[in-house]
Each structure stands twice: as structure tokens, then as C-alpha cells.
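J.: I have a structure here, written as C-alpha cells, and I will follow up with some questions on it.
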Amino acid sequence: MYVAGIAKARAQKDVLALKPSVEHSDERLFVPGESEPIILHAHTFERYLVERIRDEAHRFALGAHRKSRAKRTLSSELLSVPGIGKKRALVLLKHFGSVKKIKEASPSDIAQVIHISEEKAQAILELLT
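Just so you know, we're using the numbering used here here: the sequence shown kicks off at 1 and counts up by one.
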């Protein structure tokens, strides 16, 4: 596998004024085994391509993080209900897809999915809402 590091362009600081100037630095691409980075100048196809790759990787990482955080939060909400352990919570989440959809389900649907009485399913729904 080939790995490269990208240093995002930053505004050049005016040393005397201690504030960023309008001029931006070039992006730098760091490649393993090379002591100097590859300079990617503004308004070039190469820089545009690397920026798109970096932005897509960042978007993908944020999406994965949000998804894992949402699963932790949602499953903990289910686990706080008496009578629902890890297995039942997992079965419910797999079947309905989200806690919101579980809350919208009928007691009979929930009862069928996790093999409990409709009365217990109704009690679970009341605790979730």
C-alpha cells in the first residue's frame, strides 16, 4: 500500500502585524522515502486532484465517525430499557434500522421481532417515548 501525507495550504503570516495576509502558501505532498515534499501550486490540475482526494477522505472519515457515534448513542438508549439486553437491542436495530423507527413501530411488530408479549412490547415503547 502506498501512503502519502498532505499539508494543507495556510495563509502566510505577516510577521510584523501577526495576522494572516491575503497570500496563501502552496500545498505540499509528502511521499515516503523523499526528504522534500512535492509542491502543488495553486490553480493546477494536480493540486485540484489532491484537494478532491483529501476532501473525500475527510468526508468519509467524518461520516464513519458520526455513524459509529450514533450507533453507540442509540444502542445505549435501548439498553436503558428493562428487558432489553444487548442481543434484543441488536435484533431490534437490525430489523427496524433506528431507534426512531422502533418508536414508530406497533407493539405487535416489536413483539414478533424479539419474541415477547404485546404487553411487554407496549411497556418498552412507553419507556422509549
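We treat Cβ as the ideally placed atom computed from N, Cα and C, and that holds for glycine. This one's a predicted model, so the numbers in the text were calculated from it and none came from an experiment.
1) When you compare the CB positions of Gly83 and Ile110, do they come within less than 8 Å of one another, or not?
2) Select from Glu27, Leu128 and Ile116 the residue whose C-alpha is nearest the C-alpha of Leu49.
3) Do you know how far the Cα of Gly63 is from the Cα of Leu93?
4) In three-state terms, what does DSSP make of Glu56?
5) Reducing DSSP to helix, strand and coil, say where Ala42 ends up.
6) Just tell me which of Leu79, Gly33 and Ala7 has its CA closest to the CA of Val99.
7) Can you tell me the Cβ-Cβ gap for Pro107 and Ala121, rounded? I've got them flagged as a contact below 8 Å.
8) How should Ile102 be labelled, buried or exposed, when 16 other C-beta atoms within 10 angstroms of its C-beta is the threshold for buried?
9) For a test of the three-state rule: what should DSSP assign to Gly5, helix, strand or coil?
10) Give me the Cβ distance between Phe45 and Pro37, rounded to the nearest whole Å; I'm assuming they're in contact under 8 Å.
11) With a cut-off of 8 Å on the beta carbons, I'd call Arg52 and Ile6 a contact; round off their distance for me.
T.: Checking against the coordinates, here is how it stands:
1) For this step, residue 83 is matched to residue 83 along the sequence shown. For this step, residue 110 is matched to residue 110 along the sequence shown. Taking 8 Å as the cut-off, the Cβ atoms of Gly83 and Ile110 do not count as close.
2) Here residue 49 refers to the residue found at position 49 of the sequence shown. If we check each option's Cα against that of Leu49, Glu27 comes out closest.
3) In the sequence shown, residue 93 corresponds to position 93, counting from 1. In the sequence shown, residue 63 corresponds to position 63, counting from 1. Between Leu93 and Gly63, the C-alpha separation is close to 19 Å.
4) For the purposes of this step, residue 56 is taken as the residue at position 56 of the sequence shown. In this structure, DSSP gives Glu56 a helical state, which the three-state scheme calls helix.
5) If you number the sequence shown from 1, residue 42 lands on position 42. In the structure shown, Ala42 sits in coil (DSSP, three-state: anything other than H, G, I, E or B).
6) Numbered from 1 along the sequence shown, position 99 holds the residue referred to as residue 99. Nearest C-alpha to Val99: Leu79.
7) The residue you call residue 107 lines up with position 107 of the sequence shown. The residue you call residue 121 lines up with position 121 of the sequence shown. Between the beta-carbon of Pro107 and that of Ala121 there is about 4 Å, and that keeps the pair under the 8 Å contact cut.
8) As a working mapping, residue 102 is identified with position 102 in the sequence shown. Buried.
9) Residue mapping note: residue 5 aligns to position 5 of the sequence shown, counting from 1. When DSSP states are grouped into helix, strand and coil, Gly5 belongs to the strand group.
10) Taking the first residue of the sequence shown as 1, we reach residue 45 at position 45. Taking the first residue of the sequence shown as 1, we reach residue 37 at position 37. Between Phe45 and Pro37 the beta-carbon gap is near 18 Å, outside 8 Å, which marks them as no contact.
11) The residue you call residue 52 lines up with position 52 of the sequence shown. The residue you call residue 6 lines up with position 6 of the sequence shown. Cβ atoms of Arg52 and Ile6 stay farther apart than 8 Å, at about 11 Å.
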